[in-house]
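**Q** Let me begin by handing over the structure; questions about it come next.
There are 2 protein chains.
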Amino acid sequence: MIDRLIEKIKQTDNPSVVGLDTNFDYLPDELRAGVADLRGAAQAIAEFNRNVIDNICDIVPAVKVQIAYYEMYGVEGMKTFAETLAYASKKGMYVMTDAKRNDIGATAECYAKAYLGKTFVNGASETAFDSDFLTVNGYLGSDGIVPFLKWMKECDKGIFVLVKTSNPSSGELQDMRLSDGKTVYEYMGQWVEAWGKNCRGKYGYSDVGAVVGATHPAQAEILRKQMPHTFFLIPGYGAQGGTARDLKVCFDADGMGGIVNSSRGILCAYRQEKYNGKSYSEAARLASIDMKNDLNQAIKG
Amino acid sequence: MIDRLIEKIKQTDNPSVVGLDTNFDYLPDELRAGVADLRGAAQAIAEFNRNVIDNICDIVPAVKVQIAYYEMYGVEGMKTFAETLAYASKKGMYVMTDAKRNDIGATAECYAKAYLGKTFVNGASETAFDSDFLTVNGYLGSDGIVPFLKWMKECDKGIFVLVKTSNPSSGELQDMRLSDGKTVYEYMGQWVEAWGKNCRGKYGYSDVGAVVGATHPAQAEILRKQMPHTFFLIPGYGAQGGTARDLKVCFDADGMGGIVNSSRGILCAYRQEKYNGKSYSEAARLASIDMKNDLNQAIKG
Chain G
1 MIDRLIEKIK
11 QTDNPSVVGL
21 DTNFDYLPDE
31 LRAGVADLRG
41 AAQAIAEFNR
51 NVIDNICDIV
61 PAVKVQIAYY
71 EMYGVEGMKT
81 FAETLAYASK
91 KGMYVMTDAK
101 RNDIGATAEC
111 YAKAYLGKTF
121 VNGASETAFD
131 SDFLTVNGYL
141 GSDGIVPFLK
151 WMKECDKGIF
161 VLVKTSNPSS
171 GELQDMRLSD
181 GKTVYEYMGQ
191 WVEAWGKNCR
201 GKYGYSDVGA
211 VVGATHPAQA
221 EILRKQMPHT
231 FFLIPGYGAQ
241 GGTARDLKVC
251 FDADGMGGIV
261 NSSRGILCAY
271 RQEKYNGKSY
281 SEAARLASID
291 MKNDLNQAIK
301 G
Chain P
1 MIDRLIEKIK
11 QTDNPSVVGL
21 DTNFDYLPDE
31 LRAGVADLRG
41 AAQAIAEFNR
51 NVIDNICDIV
61 PAVKVQIAYY
71 EMYGVEGMKT
81 FAETLAYASK
91 KGMYVMTDAK
101 RNDIGATAEC
111 YAKAYLGKTF
121 VNGASETAFD
131 SDFLTVNGYL
141 GSDGIVPFLK
151 WMKECDKGIF
161 VLVKTSNPSS
171 GELQDMRLSD
181 GKTVYEYMGQ
191 WVEAWGKNCR
201 GKYGYSDVGA
211 VVGATHPAQA
221 EILRKQMPHT
231 FFLIPGYGAQ
241 GGTARDLKVC
251 FDADGMGGIV
261 NSSRGILCAY
271 RQEKYNGKSY
281 SEAARLASID
291 MKNDLNQAIK
301 G
């Protein structure tokens, strides 16, 4: 799977992913007017997402759909979530579900089926929320990860395991030092390299990636060296404060090895002075192009 | 919130929670016959859950609904999930959503709204998947927990944070020793005590509980001593191998301080020789009574 994503990044010359963390409040007035319930909100979000996807699908390789922003609208939100995944796929984009799922083995297997695999009912199978990649949390250890590896292999999919997250207090646990001197994030990074050992592709990266925040460049630099076979999903650019220069350290000598997420910076671009007079979907496209140029200049420049 | 759960445990004299991890394959033949898609499976699971709830609601204080088992059936599964929560609540049971959610602050807020709070749409508010308790994962640190604390307070709800999970490889990270000699699970336990400091109830326990597996009694004993204000949600009894004797250490001197989950042991009781000839819902009731007696004998005996 990771080979296909890397090829798409090369083809679009764009190491970025647009995060569809589509809060109803991000929508322009015309989409929000008259909406008074979860169902209406979910439908408006679906329309917003479709228009954004239409305007970026030829220049951005992937979308990352943050499932919390759909769960908060209930069953109707989940319908929009499923529709958004399917629509982005149909438009040729790779689809990452950002769900940070984690559980014991038998339950992790259910999550793996739901997002990466198939659910069987009396011998017939269907996909539930079919995604190319899923983010997962490794706090429970290997037996909570193995079911994902199994379904990834079966269905040619990938995962990104949380290693060093972008939020301010990520260090409370992740930066703690273990008795052997390693930090928790380095230790988790070792596990991620191990989990990915048997699914490396032709570019040297494995289908088991890592989430490494752009907001913590010192830690990211350490991880890039210690995790040579791990592709990074990099949140924290833009609204969270990470700059293109900060995240250069996440990339290898060839300028590969990572994909950078921006959500609010793209979805709410139409509210920025810079894109004044543009519709939300036009502004999303222009902001995506600006982001691509900003990243390429920092990474390759 | 925790006071109300404790009172319900006292009233029913039953420190247990039935886990509705309802895999379609757990259903008896008559419910599975003729079902060929996710929608049919989800509807059959809803019926199964209703009948189990009807048969245990007067003797068991709470259900724990494992959301992965619903996500795997897609949007229709989520509908069954929502219906199951609402049905159990209507029948007077407390409802725990076992979702192990975790994310950065802004996203954790969405999860908090989805499960414990309310979602606002143009000033009107609705609940999405209304639960009394939610399980969460603390790998991201405080700013991923604070939004839950806020909505818990606002809506009188509770959370259980993963501290020492019941699965075999939980020790890979959780048992690692930090440079000061504490283990990761002890360190997480300290955070949980701190997060709960301002929401302690009249029995001394806070609305911020901890997940502590019955399968690791040595660690549970340490945690019980170090976390005097933290109520434990205890998985791992029964099918996962934890015995009532193992989990006695999770309780305080008064036999309080924890609630024990069993899922497969109750849902699939009808397949056990012991309950031969009983329907699945009768067997679930009998197995619940047997579990209650087994726990009370170990904890209080």
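First to last, the sequence lines map onto chains G and P. Using full-length UniProt numbering, you'd call the opening residue of the first sequence number 1 and step up by one each time. Using full-length UniProt numbering, you'd call the opening residue of the second sequence number 1 and step up by one each time. Beta carbons: idealized from backbone N, C-alpha and C, even for Gly.
Does any residue of chain P bring its CB to less than 8 Å from the CB of G/SER131?
**A** For this step, residue 131 of chain G is matched to residue 131 along the first sequence. No, no contact with chain P.
**Q** Between the segment 225–235 of chain G and the segment 172–181 of chain G, do at least 3 Cβ pairs fall closer than 8 Å?
**A** Because the criterion of three Cβ pairs below 8 Å is not met, the segment 225–235 of chain G and the segment 172–181 of chain G do not touch.
**Q** With G/ASP132 and G/TYR94 assumed to form a contact (beta carbons below 8 Å), what rounded beta-carbon distance in angstroms separates them?
**A** By 1-based counting over the first sequence, the position of residue 132 of chain G is 132. By 1-based counting over the first sequence, the position of residue 94 of chain G is 94. Indeed, because the Cβ distance is near 5 Å, the residues count as touching under 8 Å.
**Q** For the segment 37–62 of chain P, which residues have a CB atom closer than 8 Å to at least one CB atom of chain G, in sequence order?
**A** Cβ contacts with chain G: ASP37, LEU38, GLY40 and ALA41.
**Q** If you draw a straight line from the C-alpha of P/LEU38 to the C-alpha of G/MET78, how long is it?
**A** Here residue 38 of chain P corresponds to residue number 38 of the second sequence, with the count starting at 1. Here residue 78 of chain G corresponds to residue number 78 of the first sequence, with the count starting at 1. Roughly 15 Å separates the two Cα atoms.
**Q** With a cut-off of 8 Å on the beta carbons, I'd call G/LYS100 and G/LEU162 a contact; round off their distance for me.
**A** One-based indexing of the first sequence puts residue 100 of chain G at position 100. One-based indexing of the first sequence puts residue 162 of chain G at position 162. Sure, about 6 Å apart at Cβ, within 8 Å.
**Q** Quick one: is P/CYS110 near chain G, going by C-beta distance under 8 Å?
**A** Indexing the second sequence from 1 puts residue 110 of chain P at position 110. Answer yes: the Cβ-Cβ gap between P/CYS110 and chain G drops below 8 Å somewhere.
**Q** Using the rule of at least 16 other Cβ atoms within 10 Å of the residue's Cβ for burial, across every protein chain shown, is P/SER125 buried or exposed?
**A** Walking along the second sequence from the start, residue 125 of chain P turns up at place 125. Counting Cβ neighbours within 10 Å, P/SER125 comes out exposed, since fewer than 16 surround it.
**Q** Whose C-beta lies closer than 8 Å to the C-beta of G/ARG285 among residues of the same chain, with five residues either side of it excluded?
**A** Position 285 of the first sequence, counted from the start, is the residue given in the question as residue 285 of chain G. Correct list, in chain order: ASN55, ILE56 and ILE59.
**Q** Given this structure, state the Cα-to-Cα distance separating P/GLY40 from G/GLY209, to the nearest angstrom.
**A** On the second sequence, position 40 is the one that residue 40 of chain P refers to. On the first sequence, position 209 is the one that residue 209 of chain G refers to. Approximately 35 Å, taken between the alpha carbons.
**Q** Just grab the DSSP bridge partners of P/ASN261 for me.
**A** In the second sequence, counting from the first residue as 1, residue 261 of chain P sits at position 261. P/VAL17.
**Q** Using the Cα positions of G/GLY19 and G/ARG245, report the straight-line distance between them to the nearest angstrom.
**A** The residue you call residue 19 of chain G lines up with position 19 of the first sequence. The residue you call residue 245 of chain G lines up with position 245 of the first sequence. Distance between the alpha carbons of G/GLY19 and G/ARG245 is about 20 Å.
**Q** Comparing C-alpha positions only, which one of G/SER262, G/GLN297 and G/ASP290 sits nearest to G/ASP98?
**A** If you number the first sequence from 1, residue 98 of chain G lands on position 98. For G/ASP98, the nearest C-alpha among the options comes from G/SER262.
**Q** Is there a C-beta anywhere in chain P that falls below 8 Å from the one on G/ILE266?
**A** Translated into positions along the first sequence, residue 266 of chain G becomes position 266. Taking Cβ atoms only, chain P never reaches closer than 8 Å to G/ILE266, which makes this a no.
**Q** Using DSSP's beta-bridge definition, name the partner residues of G/LYS164.
**A** By one-based count along the first sequence, residue 164 of chain G stands at place 164. G/LYS164 is bridged to G/VAL212.
**Q** What span of residues does the beta strand (DSSP E) with P/LEU134 cover, start to end?
**A** Within the second sequence, residue 134 of chain P is the residue found at index 134, counting from 1. Where P/LEU134 is concerned, the enclosing beta strand (DSSP E) stretches over 133–136.
**Q** Report the three-state DSSP secondary structure of G/LEU233 (helix, strand or coil).
**A** Along the first sequence, read from residue 1 onward, the residue named residue 233 of chain G stands at position 233. Strand.
**Q** Beta carbon of P/ASP207: closer than 7 Å to some heavy atom of the ligand MG?
**A** This structure lacks the ligand MG, and indeed carries no ligand of any kind.
**Q** With 16 other CB atoms within 10 Å as the buried threshold, where does P/LYS225 fall?
**A** Here residue 225 of chain P refers to the residue found at position 225 when the second sequence is read from its first residue. Answer is exposed; the Cβ neighbour count stays below 16.
**Q** Can you pull the chain G residues whose beta carbon is under 9 Å from the beta carbon of P/ARG32, in chain order?
**A** Within the second sequence, residue 32 of chain P is the residue found at index 32, counting from 1. What P/ARG32 touches in chain G: VAL121 and ASN122.
**Q** Rounding to the nearest angstrom, what Cα-Cα distance links P/PHE148 and P/TYR115 in this structure?
**A** The count along the second sequence starts at 1 and reaches residue 148 of chain P at position 148. The count along the second sequence starts at 1 and reaches residue 115 of chain P at position 115. Each residue's alpha carbon lies about 9 Å from the other.
**Q** Starting from the C-beta of G/ALA220, find all residues in its chain whose C-beta is less than 6 Å away, skip the five residues before and the five after it, and write them out in chain order.
**A** Counting from one through the first sequence, the residue named residue 220 of chain G turns up at place 220. Excluding sequence neighbours, G/ALA220 sits near VAL212, VAL249 and CYS250.
**Q** Under three-state DSSP, which class holds P/LYS100?
**A** Translated into the one-based positions of the second sequence, residue 100 of chain P becomes position 100. In this structure, P/LYS100 counts as strand in the three-state DSSP scheme.
**Q** Cα-Cα, which of G/ALA214, G/ALA269 and G/LEU267 is closest to G/ILE299?
**A** Counted from its first residue, the first sequence places residue 299 of chain G at position 299. Among G/ALA214, G/ALA269 and G/LEU267, the Cα nearest to that of G/ILE299 belongs to G/ALA214.
**Q** Taking the alpha-carbon positions, what's the P/PHE48 to P/TYR87 distance?
**A** What you label residue 48 of chain P is simply residue 48 of the second sequence in a count that begins at 1. What you label residue 87 of chain P is simply residue 87 of the second sequence in a count that begins at 1. C-alpha separation (whole angstroms): 12 Å.
**Q** Along the chain, where does the alpha helix (DSSP H) that runs through G/GLU76 open and close?
**A** Your numbering for residue 76 of chain G matches position 76 in the first sequence. From DSSP, the alpha helix (DSSP H) with G/GLU76 extends over 74–90.
**Q** Which chain G residues sit within Cβ distance under 9 Å of P/ALA210?
**A** The residue labelled residue 210 of chain P in the question sits at position 210 within the second sequence. In chain order: nothing, as chain G lies at least about 13 Å away.
**Q** Using the beta-carbon of each residue, which ones in chain P are nearer than 7 Å to G/ARG177?
**A** In the first sequence, counting from the first residue as 1, residue 177 of chain G sits at position 177. Simply LEU178 and SER179.
**Q** Given a cut-off of 8 Å, decide if G/ILE67 and G/MET256 are closer than it, judged by their beta-carbon atoms.
**A** Walking along the first sequence from the start, residue 256 of chain G turns up at place 256. Walking along the first sequence from the start, residue 67 of chain G turns up at place 67. Not a contact, by the Cβ cut-off of 8 Å.
**Q** Under 7 Å, CB to CB, which of the residues in the segment 154–170 of chain G have a partner in chain P?
**A** Per Cβ criterion, the list reads LEU162, THR165, SER166, ASN167, PRO168, SER169 and SER170.
**Q** Listing by chain order, which chain P residues have their CB less than 7 Å from the CB of G/SER142?
**A** As a first step, residue 142 of chain G is located in the first sequence; it is residue number 142 there, counting from the start. In chain order: SER169 and GLU172.
**Q** Restricting to Cα atoms, I'd like to know which of P/PRO61, P/THR80 and P/VAL35 is closest to P/THR12.
**A** One-based indexing of the second sequence puts residue 12 of chain P at position 12. Answer by Cα proximity: P/PRO61.
**Q** Give the range of the alpha helix (DSSP H) segment to which P/THR22 is assigned.
**A** The sequence position of residue 22 of chain P within the second sequence is 22, counting from 1. Counting along the chain, P/THR22 falls outside any alpha helix (DSSP H), and DSSP gives it neither H nor E.
**Q** Please specify which runs of the alpha helix (DSSP H), each continuous and at least 4 residues long, are wholly inside the segment 29–72 of chain P, giving them in chain order.
**A** Runs of the alpha helix (DSSP H) inside the segment 29–72 of chain P: 29–32, 38–56 and 68–71.
**Q** Since P/VAL35 meets chain C, which of its residues come closer than 7 Å, beta carbon to beta carbon?
**A** In summary, chain C is missing from the structure at hand, where the protein chains are G and P.
**Q** Looking at chain G, is there any beta carbon in it that lies within less than 8 Å of the beta carbon of P/TYR187?
**A** Taking the first residue of the second sequence as position 1, residue 187 of chain P is located at position 187. P/TYR187 counts as touching chain G.
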